[in-house]
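Working notes, structure below.
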Amino acid sequence: MAATLLELVIPASVSIVVACGTVVWTTRSNRKLEHNKVLKQKKEELHLALYDLDEALSMYSRLFRRQSLTRLDIDDVDLKWASSLGRVNMIINIYFPSLRQGFEDSISGCTIFFNNSIQILRIILSSKDAEKLDYDMHSTEAYALHAEAREMLAHFGKNILNLKI
């Protein structure tokens, strides 16, 4: 009877160990697949947020072509820019910290554009003689800085597309 009981316990034990091993392997495999799925979704979301950021940058550039400009026009674009920039920063900080330095490098072109061009618009609008001031002379430089900033963002966008997950 002891031999029969032993003959039943050994296969049962082996079956339990195999079942536990299969559960552990499946759990780890599913976790990795789910993690990759989330990263792919966040990669797409990051690319869309970068597109929105580029669109906001273009909206700033279009302000130079407007015949009449108000503070509200700049504030509307500021809101879109801040929202898009916040989304990009959040996704990079949480999911893709390795892209942080590349993004900071690409956003430096945007900073130059803001400091040299958009600030001029703000100064013109805050001036008492805003109607008399002609900002056409600043538009050529603004367009050049805008093109450089967009090129830097486009390069970063290519880095996102080439990101291996």
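First residue of the sequence shown? That's 20 in our numbering, and the numbers climb one at a time after it. The beta-carbon is built from N, C-alpha and C at its ideal position, and this holds for glycine as well. Predicted model only: the values in this text are computed from it and were never measured.
Check whether residue i and residue j have beta carbons under 7 angstroms apart
| i | j | result |
| --- | --- | --- |
| L164 | I131 | yes |
| K56 | I184 | no |
| D185 | L172 | No answer is possible for residue 185: the residues shown for the chain start at 20 and end at 184. |
| K61 | I111 | no |
| E64 | G128 | no |
Nearest to residue i (by Cα), restricted to the options the options
| i | options | result |
| --- | --- | --- |
| D94 | R47, N108, I184, L144 | L144 |
| S125 | I184, N178, Q60, R50 | N178 |
| S77 | F133, V107, L182, N112 | F133 |
| A136 | S127, R119, T159, I111 | Before going on, a small fix: residue 136 reads as Ser here, not Ala. For S136, the nearest C-alpha among the options comes from T159. |
| L118 | L82, S102, H66 | H66 |
| S103 | Q120, L88, L69 | L69 |
| R90 | V36, F175, R141 | R141 |
| S80 | L27, I113, L25, Q138 | Q138 |
| N108 | D71, V42, S87 | D71 |
Own chain, CB closer than 6 angstroms to residue i, minus 5 neighbours either side, in chain order
| i | result |
| --- | --- |
| W100 | A75 |
| A161 | F83, S136 |
Cut-off 8 angstroms between Cβ atoms - residues of its own chain near residue i, not counting five sequence neighbours on either side
| i | result |
| --- | --- |
| R85 | D92 |
| K151 | Because K151 carries a pLDDT of 49, less than 50, the predicted location of this residue cannot be relied on, and the following value inherits that uncertainty. Excluding sequence neighbours, K151 sits near nothing in its chain. |
| L182 | K62, F115, L118 |
Cβ shell of residue i (< 7 angstroms), same chain only, five flanking positions each side left out
| i | result |
| --- | --- |
| G121 | F175, N178 |
| E53 | none |
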